[in-house]
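Have a look at the structure below, then the notes.
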Amino acid sequence: MTPIFNYLQSGETPDNPREALKIVNEAAKYTLLGQHLYRRGFSFPLLRCLEDEELAYVIKEVHEGVCGTHNGGRALASKIARDGYYWSTLRRDCLEYVKKYNKCQKFAEGHKAPPECLHPITSPWPFFKWGVDILGPFPPAPGQVKFYIVVVDYFTKWIEAEPVVSITTERIKRFYWKKIICRFCIPAVIVSDNGTQFASKGTVEFCKELKIKQQFTSIEHPQSNGQAEAANKVILRGLRRRLKEAKGRWAEELPQVLWSYHTTLHSTTNETPFCLTFSTEAMIPVEIGEPSPMTALFEPSGNEEELRTNLDLLQEAKEIVHVKEYAMKTRATRRYNRKVVPRNFKIGDLVLKMITLAANKNKLTPYWEGPFRVIDEVGQGA
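Rendered as structure tokens:
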């Protein structure tokens, strides 16, 4: 502002003709009243121009003074202008001040857009990769069971679940052995959260002996095991619709819920989990009361030949399912990635962490805690 002040006061201009012309044109927007420079404004007739030593006080007082409301950067700049003050970098200085103000950072709601691109998870063949999760607690049912252990195959979408009294390492090991290994095969990968029952020494050694690779999801990020979360929703939705008021019967209704799911077309594969698992469609109760073409036109003599033909075509059918799933996940990834606003951190950066524990939160607590220093970059947003 000093060159404009000097020009209006004494007619002094820079030696550079281009700079001098710029000052003359710009000075038309300003006027002198006494020893103070004012800019002609739109929100206020005259805005007093401030020097560096004055603007720091004005920003601080308007933002957090007696009448301060801790506004955002743009709102803060607008309030200062409406109060009759101006300088050439008003908006930028307000934005930078709010960004660095500790209390405003901790109470900011945060960006809603995803910070990292979507990384879809696929399985190359049936029963290669399973996702496991714990569902509950539920109201105590007969036998005092309160939880479900739920696993889902990433390829066929087949779900296995079992009601249990408590979640222990031994219970998890028995479930793996009975529901996955003895029924299907030894999986290559099991995805789970970081619960003690999954990450305990006993479970780790059990998986290591059978050459099963354990993959653990990021802390407080269940989307990393989205297939298991989707299986939980399937079970909960089915139970809610069946139980009505008899909430204690949830353990008894599980087989019917899973049977309904296993014999319904899955939106991703366009096949039923039963068909992908057993290479044939299941006969459901309605086909007994009202014969379907499969039951009405059944010929024992040609059935064996048709089954062998189906087995010959099985590999091609599974490859088609794999391609369909890959194509659908690719489209979903493309849609998701359009909304991504990358936020990258480097080792040594000071960051705030969102408060996630309910015990540490109430209506008046900050959304964020810290600062913390980044000590390692794992990759893929972690």
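Sequential numbering of the sequence shown, starting at 1, is according to UniProt numbering. Where a beta carbon is used, it is the ideal one built from N, C-alpha and C, also for glycine. Predicted model, so just to flag it, every value in this text is computed and none were measured.
Beta-carbon within less than 8 Å of A20's beta-carbon, same chain only, minus the 5 sequence neighbours each way: which residues are those?
Answer for A20: T13 and P14, listed in chain order.
Out of L357, V351, R74 and V234, state which residue places its alpha-carbon closest to the alpha-carbon of L135.
If we check each option's Cα against that of L135, V234 comes out closest.
Going straight from the alpha carbon of G72 to that of G11, what length do you get?
For G72 and G11, the distance between alpha carbons rounds to 39 Å.
Using a Cβ-Cβ cutoff of less than 6 Å, which residues in the same chain neighbour A251 once the five nearest sequence positions on both sides are dropped?
Excluding positions up to five away in sequence, the list reads A141, V145 and P163.
Taking the alpha carbon of A230 as the reference point, which residue from Q214, P255, H266 and G248 has its own alpha carbon closest?
Of Q214, P255, H266 and G248, the residue nearest in Cα terms is H266.
Taking the alpha carbon of C94 as the point to measure from, which residue in I320, E377, D193 and K79 has its own alpha carbon closest?
When only C-alpha atoms are compared, the closest one is K79.
Rounding to the nearest angstrom, what Cα-Cα distance links S279 and K129 in this structure?
If I take the Cα positions, the gap works out to 19 Å.
Please state whether DSSP places T31 in a helix, a strand or coil.
T31 falls in the strand class under three-state DSSP.
On a CA-only basis, which of A113, C117 and E64 is nearest A101? Give me that one, please.
Checking the sequence, you will find Tyr at residue 101 rather than Ala. The option with the nearest alpha carbon to Y101 is E64.
Threshold first: 3 residues or longer. Then list the beta strand (DSSP E) segments lying entirely within the region 221-276, N to C.
List check, beta strand (DSSP E) in window: nothing returned.
Going by DSSP in three states, E370 sits in which element: helix, strand or coil?
What sits at residue 370 in the sequence shown is Gly, not Glu. It is a strand residue.
Out of L276, M328, F42 and I219, which has the shortest C-alpha to C-alpha gap to T156?
With distances taken between Cα atoms, T156 lies closest to L276.
Pairs of beta-carbons, one from the region 187-194 and one from the region 107-116, closer than 8 Å: are there three or more?
No, they do not touch.
Suppose contacts are defined by Cβ-Cβ distances below 8 Å. Is T333 in contact with P120 by that definition?
Going by C-beta atoms, T333 is nearer than 8 Å to P120.
Report the partner residues of P163 according to the DSSP bridge assignment.
Answer is Y148.
Does the beta-carbon distance from K346 to F372 come in below 8 Å?
The answer is no: Cβ separation not under 8 Å.
When burial is assigned at 16 or more other CB atoms within 10 Å of the CB, is I149 buried or exposed?
Classification for I149: buried.
Under a Cβ-count criterion, where at least 16 other Cβ atoms within 10 Å of its own Cβ denotes burial, should N225 be classed as buried or exposed?
Classification for N225: buried.
What three-state label does DSSP hand D153 in the structure shown?
Strand at D153.
Please give the ranges of any beta strand (DSSP E) in the region 22-81, keeping only runs that are unbroken, at least 3 residues long and fully inside the region.
Listed in chain order, they are 30-33, 36-40 and 46-49.
When the Cα of T2 is compared with those of P17, L50 and E61, which residue comes out closest?
Considering only alpha carbons, the answer is L50.
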